[in-house]
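Asker: Going down the list, the protein sequences come from chains A and B. The working numbering puts the first residue of the first sequence at 254, with every later residue one more than the last. The working numbering puts the first residue of the second sequence at 81, with every later residue one more than the last. Take a look at the following structure, please.
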Amino acid sequence: MSSRDKILQKVRENQPAYSALPVFDFAGRDNDLPTRFETVLKSIGGETVRLKNLEAVREYLQLHASEQVKVITDVPELGFPILVGNQSLHDVDLFITTSRLGVAENGACWIENLQERVAPFITQHLVIILKNQYIVSTMHHAYEIISDTDYDFGVFIAGPSKTADIEQSLVLGAHGARSCTVLLLEE
Amino acid sequence: MNHAKAALKFNKDFERTTWHDQTLWMVRQKRDRAAMTIDEWENLRNTASDIKRNVISNLANYLEQFEQQALGNGVKVHWAADAQEHNQIVYDIVNKHLQNKPGLKSIVKSKSMLTEECHLNPFLQEKGIEVIDTDLGERIVQLAQEPPSHIVMPCIHWKKEEIGELFHQHLGTEKGNKDPQYLTEAARQHLRDKFLTHKIAITGVNFAVAATGEMVVCTNEGNADMGAHLSDLHIACMGMEKLIPERKHLGVFLRLLARSATGQPITTYSSHFRKPKAGQEMHVIIVDNGRSTQLGREDFRGSLKCIRCGACMNTCPVYRRSGGHSYHNAVAGPIGSILAPNIDMAKNADLPFASTLCGSCSNVCPVKIDIHQQLYKWRQVLVKEGHTTLGKTIMMQGMSQVMAKPAVFKFTGKVGRMFMRNWPGLMNNSLNPWYIHREMPEAPKQSFKEWYQDQQKKQ
């Protein structure tokens, strides 16, 4: 008998009587989600900038990101080099991507469909473009939105990489991005 | 060394013990502040507990469902009955991979208490495969050749001066520099080099979703992702109780996990691995290692609800003042003390006694495990199985003799009170373990029964 069969047999023998799944419906606080998102993200080391639309983003980034040595993005409208698969990203300074889902209670953005999964982690700095209308209140609402999505890999990113392993002193920029800026769009 | 002896050793440095205590209590306070921001916190705990109870009651079906989904996603699935088999499977996967794609015989590993439990690192090391722990706290204890002392904050027992000295020796940082920013930057550069050169990565699994076959890994540092996404081979190691039924249940657990662990609303990264990336091999190893036995224990199967947040450790007064290493187990503290005896009763018989049964652990557990009640029940089991010290056995038998016979009880009390009143030195010395941190109470002239009978006569 394989380990698999042995384990499953033992589990079947030992598991208790069936206990039903709970039904739950946690409502969120729906007032001014972008402001709540902003407040929480700032409290966890992230930054936000309020902009009108994608055109405004392009202007903003061209103004601010030009000092960066190496920029890469998967948003073609921005006028920066495009991320393709199988690219070496070890020296990327800034990666700009979009999110279709932000969570107000924890400042997280859902990122998926990455041509190269390591991009938002290996970059020194991360910028995420998020429309205000895509912000939901809680993780429950978030999972409702992505419940049927057929993703290969997805990640909730909430702020910059961090650690407090050295005597509980918070340090931003452990192994992932040193900074995380979310551009909140009106449209 | 049993917990009591190890704790005594830990306590010799009173200031350090107090620093350790205060640091952990501060993390507990962060948890409280985070929990208070959620009106439905208690309801959330109930929901999480009920979800896990359902999982435990339907585990075989969920395991099969998860396997089927994972296989359909292109993930290879393995089953390990025990730690030894788990380690062997990891080795076989790595070995086979290196035969097809020769490269560094070295693996980057992100935090996995399961691999600690199985002692994977020394097993692989012996076979000539290096393992580099990439979580900063884990890397620190690895360089120091120690096990982690806390499941979430591996080097909580280390001071920054000591880390500074360790990094000076191993990473070439400036001598005497203890600035956390500086030291973290040094670790970032050192480990970044490892990520970029290593093609084999091992991660743990925080939650595995049966309905979709996906695995969620939560980190603040991003080390699990840096390892996995730069690898040709990603091995995920998972205790079989990590299953949850559906994606939507992640909402409940991800709201509870980081808030309970460190007081953050969520970890920086909550990565959902569903399929390997192009050109990558992904494996998951489902591990039993005593869990199916615990599943059969009516009083203790609730411990399998655990999501490894560490909140119980942060609040436990005994853990705070004895340190994780005193528990001689990969998972220490209150939860470790109800998991470990299941694996080895003789070796871990001391752990359920390393508690005042204050119940603080049960109070903070996000999945409402009745930890303090299980600690008490384990004591019953251990004593019945004969796993107590001879001294305690003799003392308990003596006590039961005295308490079972009213005349003996009355006489012993009278004699005891007389000695305490007239010859206090007999009790107030270092031979009396009670006296080490406490003064003996003043012995009353009468027992309560004598006083009560006197009152009755006066009426």
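The beta carbon of each residue, even a glycine, is placed where N, CA and C say it ideally should be.
Does the region 99–118 of chain B come into contact with the region 380–400 of chain B, if we say contact requires no fewer than three beta-carbon pairs (one atom in each stretch) closer than 8 Å?
Answerer: With a cut-off of 8 Å, the region 380–400 of chain B and the region 99–118 of chain B count as touching, because enough Cβ pairs lie within range.
Asker: If you reduce the DSSP assignment to three classes, tell me which class residue 287 (chain B) lands in.
Answerer: In this structure, residue 287 (chain B) counts as strand in the three-state DSSP scheme.
Asker: Whole angstroms are fine: how far does the CA of residue 435 (chain A) sit from the CA of residue 301 (chain A)?
Answerer: Taking the straight line from one Cα to the other gives about 5 Å.
Asker: Assuming residue 318 (chain A) contacts residue 324 (chain A) (C-beta within less than 8 Å), just tell me the rounded distance between them.
Answerer: At roughly 6 Å, the Cβ-Cβ gap stays under 8 Å, so residue 318 (chain A) and residue 324 (chain A) are in contact.
Asker: Using a Cβ-Cβ distance under 9 Å, would residue 287 (chain B) count as near chain A?
Answerer: Not an interface residue.
Asker: Given a threshold of 16 other Cβ atoms within 10 Å of its Cβ, counted over all protein chains shown, does residue 148 (chain B) qualify as buried or as exposed?
Answerer: Classification for residue 148 (chain B): exposed.
Asker: Could you give the distance in angstroms between the alpha-carbon of residue 449 (chain B) and the alpha-carbon of residue 164 (chain B)?
Answerer: Spanning the two alpha carbons is a distance of roughly 29 Å.
Asker: How many angstroms separate the CA atom of residue 354 (chain A) from the CA atom of residue 454 (chain B)?
Answerer: Distance between the alpha carbons of residue 354 (chain A) and residue 454 (chain B): 42 Å.
Asker: Contact between the region 282–298 of chain B and the region 338–352 of chain B: three or more CB pairs below 8 Å?
Answerer: Touching, yes, given that three or more Cβ pairs across the two stretches are closer than 8 Å.
Asker: Shorter than 9 Å from the beta carbon of residue 103 (chain B) to some beta carbon of chain A?
Answerer: So yes, residue 103 (chain B) belongs to the interface.
Asker: Can you find the residues in the same chain that come closer than 6 Å, C-beta to C-beta, to residue 345 (chain A), ignoring five residues on each side of it along the sequence?
Answerer: The answer, listed in chain order, is 323, 325 and 376.
Asker: CB residue 133 (chain B) to CB residue 376 (chain B), shorter than 9 Å?
Answerer: Cβ atoms of residue 133 (chain B) and residue 376 (chain B): not closer than 9 Å.
Asker: Could you name the residues of chain B that residue 426 (chain A) contacts, counting a contact when the two beta carbons are closer than 8 Å?
Answerer: Those are 264, 265 and 268, listed as they occur along chain B.
Asker: Are the Cβ atoms of residue 204 (chain B) and residue 224 (chain B) separated by less than 9 Å?
Answerer: No, these two residues do not count as a Cβ contact at 9 Å.
Asker: In angstroms, rounded to a whole number, what distance separates the CA positions of residue 244 (chain B) and residue 262 (chain B)?
Answerer: C-alpha separation (whole angstroms): 9 Å.
Asker: Taking one C-beta from the region 457–467 of chain B and one from the region 424–435 of chain B each time, how about it: are there three or more such pairs within less than 8 Å?
Answerer: A contact exists between the region 457–467 of chain B and the region 424–435 of chain B.
Asker: Leaving out the 5 sequence neighbours to the left and right, which residues in its chain are closer than 7 Å to residue 340 (chain A) when beta-carbon positions are compared?
Answerer: Counting only Cβ-Cβ distances below 7 Å, and skipping sequence neighbours, we find 369.
Asker: To which residues of the same chain is residue 437 (chain B) closer than 8 Å at the C-beta, ignoring the five residues directly before and after it?
Answerer: These residues qualify, in order along the chain: 452, 455 and 456.
Asker: Please report the straight-line C-alpha distance between residue 303 (chain B) and residue 429 (chain A), rounded to a whole angstrom.
Answerer: In a straight line, the C-alpha of residue 303 (chain B) is about 7 Å away from that of residue 429 (chain A).
Asker: What does residue 350 (chain B) pair with, by DSSP beta-bridge criteria?
Answerer: Answer is A:409 and B:298.
Asker: Going along the region 345–359 of chain A in order, which residues come within less than 7 Å of chain B, judged by CB to CB distance?
Answerer: Taking 7 Å as the Cβ-Cβ cut-off against chain B, the residues of the region 345–359 of chain A that qualify are 358 and 359.
Asker: Pull out every residue of the region 208–234 of chain B whose Cβ sits closer than 8 Å to any Cβ of chain A, in chain order.
Answerer: Per Cβ criterion, the list reads 214, 215, 216, 217, 220, 233 and 234.
Asker: According to DSSP, simplified to helix, strand and coil, what is residue 396 (chain B)?
Answerer: It is coil, neither helix nor strand.
Asker: Decide if residue 538 (chain B) is buried, meaning its Cβ has at least 16 other Cβ atoms within 10 Å, or exposed.
Answerer: Burial call: exposed.
Asker: Tell me whether residue 182 (chain B) is buried or exposed, calling it buried when 16 or more other Cβ atoms sit within 10 Å of its Cβ.
Answerer: Flag for residue 182 (chain B) reads exposed.
Asker: Rounded to whole angstroms, what's the CA-CA distance from residue 216 (chain B) to residue 277 (chain B)? Just pull it up for me.
Answerer: If I take the Cα positions, the gap works out to 18 Å.
Asker: Can you look up residue 494 (chain B) in the DSSP assignment and give me helix, strand or coil?
Answerer: Reduced to three states, the DSSP call for residue 494 (chain B) is helix.
Asker: Is the Cβ-Cβ distance between residue 427 (chain A) and residue 264 (chain B) less than 9 Å?
Answerer: Contact: yes.
Asker: Give a yes or no on whether the C-beta atoms belonging to residue 131 (chain B) and residue 324 (chain B) are separated by under 9 Å.
Answerer: Contact flag set, yes.
Asker: Do the region 322–342 of chain B and the region 164–177 of chain B meet, that is, are 3 or more Cβ pairs less than 8 Å apart?
Answerer: These segments do not touch.
Asker: Does the distance from the C-beta atom of residue 399 (chain B) to that of residue 104 (chain B) stay below 9 Å?
Answerer: Their beta carbons are under 9 Å apart, which means residue 399 (chain B) touches residue 104 (chain B) by this criterion.
Asker: Count the other CB atoms, across all protein chains shown, that sit within 10 Å of the CB of residue 129 (chain B); report buried if there are 16 or more and exposed otherwise.
Answerer: That one is buried.
Asker: In the DSSP assignment, what are the bridge partners of residue 432 (chain A)?
Answerer: In the DSSP output, where bridge partners are listed per residue, residue 432 (chain A) has A:378.
Asker: When the Cα atoms are used, what is the spatial distance from residue 171 (chain B) to residue 145 (chain B)?
Answerer: Their backbone Cα atoms lie some 26 Å apart in a straight line.
Asker: Going along the chain, which residues of its own chain have a beta-carbon closer than 7 Å to the beta-carbon of residue 40 (chain B), five neighbours each way excluded?
Answerer: Only positions 81 to 539 of chain B appear in the structure, and residue 40 (chain B) is not among them; the question remains open.
Asker: Taking the alpha-carbon of residue 417 (chain B) as reference, which of B:458, B:198 and B:356 has the nearest alpha-carbon?
Answerer: When each option's Cα is compared against that of residue 417 (chain B), the closest is B:458.
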